[in-house]
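Here's the structure we're looking at; comments come further down.
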Amino acid sequence: MAPFLFMLKPTSIFVFLNVVLWLLQVAIGEMTLWMQVSLAGFLIALVGIPHGAIDHVLFVKNTKASPLFFYGFYLALIILIVVIWLLFPQVGLVLFLILSAYHFGQSQLSSYGTVPSLMKALLYILWGSSILSALVVYNQSEIFQICGANQDLLQLLVVFQLPIFKLVLLFATLSFLLLFIPFAGRIGRKHVAFELLILGLIHLSFFTQSILIGFSIYFATLHSMEVLQEEFDFLKTKIINFNFVQFIWLLMPYTLLSLFGIALLLMLSYFTFLPMSGTLIVFISISALTLPHSVVMEQFYSVLRKKV
Amino acid sequence: MLLDVLSIPKDDPIAFTFFTGYMAMLAASVFFFFERGSVDEKWKLSLLVSGLITGIAAVHYYYMRDYYVATGENPTALRYIDWTLTVPLMCVEFYLLTKAAGAKLGLLWKLIFASVWMLVTGYIGEAFNPEGGSTSHSVLWGFLSTLGYLYILYTAWFGEVAKLAANSGNESVKTGVRTLGWFVLVGWAIYPIGYMCMPGGWLNAGLGWESSNVDLFYNIADAINKIGFGLVVYSIAVSSKKKVAA
């Protein structure tokens, strides 16, 4: 079953999940918060966390750096982000959003190698900004609910200014379209049309689904599953007779470690050993992993595209 | 009819465009019907269809003009009646242009079905939107309608129509079909944008865009799309005739 799921196109799974969940909600009503958290947690645990769990393998294989160097730099970046969050949470959130925008755009568009480098970086950030600002604009009331539920999240509300995000949404989306469409000659019209369709579908998903469900479906399918596929294909070229089972074994250690770590932090929060809400802990944890993961993926994609 | 004097407010661009739209469509019909005589036999049917598109639109704009001036409301039903006739006819043009290159009757029926599907589902979404607007209603019928639109778009850009035009050996047909493809992509895009600005629609609920001026944009878009469509067909007919003469 797992290899079969792995072979299904992430786009098809994205569409399927959205349609099924939307129809279910129209038929039987909105999902409770507990159901949303459970589904989002399941998707993120199944593919979201694993897609970053072999950063150590990818980095060492591509750079020939020592594992010690890798762990040193990875942990240093994690600590840096945690410190920023603790001292300046609004700055931490803004950095997280910008990094995520670049990273999401990169994983979506990096396969189009014929686009010039500077233009690529701009397209990545515009694409990512388009979808992240859409997530905020279309789900503003939910964001206020989530941030309003915990004292330590109230300070983050100042970042989620609707007029700014609306402006970002319009600017990023229109700019992306104006800059990307002319590359139809280099990339091929069908690829451009496909990317525009995907962008539209993501927007539609974020509009029709709740913030948790919309984001977790996108993150699990169009982002994580695609990246997992790329990582698997890459490792097959590096390791003789590399197969799916070996891939799962490679992913397991740090997937389990991450899940255990987040669970531990959430328990500490629940029993008030940590003076922080569970939601903020999740934000900081994911944010802390995003920076070093983005650096590793930047390196990974630059090697991958050189081969192409 | 001649004794009814209609008062057109000076500051009402929508009323203005209903009147200009009606006359522009009528004038275009006259032009296409008259010019039919000056093109080769194989293009006469295409020009007739172009004339019918603008002629049908002219009649409907005549009634929409009066309805709007009398009530100040969006003549939704009349618009969709107009579109349900003229949009399939525009799809017929794709078939007629690529007929010489081997287009089959099946292509014609598929395009007609897709266009009628697009319009009927769009009408249900717009006309039967509950009071105050319902996002789930708007999104469901809008999504279904978009399937028809995407099918036509795909056929014109990558599918059967695009391939037939590319293999036609006629540069005018290739350029013409490409131009008509742009009309469908850009020109027809105004209609789903207007739909999404309705209460409960994506742009209305998501970005707060209102639909108060949507009639203005529809009127301008209709005139450009219908008359422009016909002019593209006319230019294909005329340039083909020039090539034959040369």
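The listed protein sequences correspond, in order, to chains U and D.
167 is the number that this note's numbering gives to position 167 of the first sequence; each next residue is one higher, with no gaps.
So the mapping is simple: this note's numbering equals the position in the second sequence, first residue as 1, plus 1000.
Ideal Cβ positions, reconstructed from N, Cα and C, are used throughout, including at glycine.
- By the beta-carbon neighbour count (other beta carbons within 10 angstroms, threshold 16), residue 154 of chain U is exposed.
- Of the candidates U/97, U/277, U/28, U/209, the residue whose Cα lies closest to the Cα of residue 291 of chain U is U/97.
- Look at residue 138 of chain U: its C-beta is under 7 Å from a C-beta on chain D.
- In the structure shown, residue 18 of chain U falls within a helical segment according to DSSP collapsed to helix, strand and coil.
- With contacts defined by Cβ atoms closer than 7 Å, residue 281 of chain U and residue 265 of chain U form a contacting pair.
- Within its own chain, the residues whose Cβ lies closer than 7 Å to the Cβ of residue 129 of chain U, once the five positions on either side in sequence are excluded, are 101, 168, 172, listed in chain order.
- A distance below 7 Å separates the beta carbons of residue 115 of chain U and residue 183 of chain U.
- Its Cα nearest to that of residue 187 of chain U, the residue U/111 stands out among U/208, U/111, U/131.
- Within the region 22 to 36 of chain U, the residues whose Cβ lies closer than 7 Å to some Cβ of chain D are 26, listed in chain order.
- Distance from the CA atom of residue 286 of chain U to the CA atom of residue 1216 of chain D, rounded to whole angstroms, is 47 Å.
- Non-local beta-carbon contacts of residue 1024 of chain D in its own chain, meaning distances under 7 Å to residues more than five positions away in sequence, involve 1223, 1227 in chain order.
- Contact annotation: residue 1165 of chain D and residue 1174 of chain D have beta-carbon atoms nearer than 7 Å.
- Taking 7 Å as the threshold, the shortest C-beta distance from residue 207 of chain U to chain D falls below it.
- If you draw a straight line from the Cα of residue 185 of chain U to the Cα of residue 1193 of chain D, it is about 27 Å long.
- By the rule that beta-carbons nearer than 7 Å mark a contact, residue 1202 of chain D touches chain U.
- At a cut-off of 7 Å between beta carbons, residue 1187 of chain D makes no contact with chain U.
- Around residue 51 of chain U, the same chain offers 224, 227, 228 as residues with beta carbons nearer than 6 Å, after the five sequence neighbours per side are excluded.
- Residue 128 of chain U carries a helical assignment under DSSP once its states are collapsed to helix, strand and coil.
- Secondary structure note for residue 55 of chain U: its alpha helix (DSSP H) is the uninterrupted segment 55 to 63.
- Interface annotation for the region 175 to 190 of chain U against chain D: 189, 190, criterion Cβ-Cβ distance under 9 Å.
- Residue range 1041 to 1071 is occupied by the alpha helix (DSSP H) that includes residue 1062 of chain D.
- Close CB contacts of residue 1084 of chain D within its chain, under the 7 Å cut and outside five residues either way in sequence, are with 1116, 1119 (chain order).
- Look at residue 1159 of chain D: its C-beta is not under 7 Å from any C-beta on chain U.
- When DSSP states are grouped into helix, strand and coil, residue 1222 of chain D belongs to the helix group.
- Exclusion of the five residues before and after residue 1110 of chain D leaves no residue of its chain whose Cβ lies closer than 7 Å to its Cβ.
- Looking from the CA of residue 1108 of chain D, the closest CA among D/1123, D/1141, D/1152 belongs to D/1152.
- With 16 or more other Cβ atoms inside 10 Å of its own Cβ, residue 93 of chain U counts as buried.
- Across the set U/246, U/106, U/134, the C-alpha of U/106 shows the shortest separation from the C-alpha of residue 294 of chain U.
- Under the three-state reduction of DSSP output, residue 1197 of chain D falls in the coil class, being neither helix nor strand.
- Chain-order list of chain U residues neighbouring residue 1206 of chain D: 137, 138, 207, by C-beta distance under 7 Å.
- Classified as exposed, residue 1213 of chain D has fewer than 16 neighbouring CB atoms from the shown chains inside 10 Å of its CB.
- Between the alpha carbons of residue 1202 of chain D and residue 1036 of chain D lies a distance of about 43 Å.
- Contact check for residue 137 of chain U against residue 166 of chain U passes: the beta carbons are separated by less than 7 Å.
- With contacts defined as CB atoms closer than 7 Å, residue 1101 of chain D and residue 1095 of chain D fail to qualify as a contacting pair.
- Secondary structure of residue 115 of chain U (DSSP, three-state): coil.
- CA-to-CA, the gap between residue 1221 of chain D and residue 1038 of chain D works out to about 28 Å.
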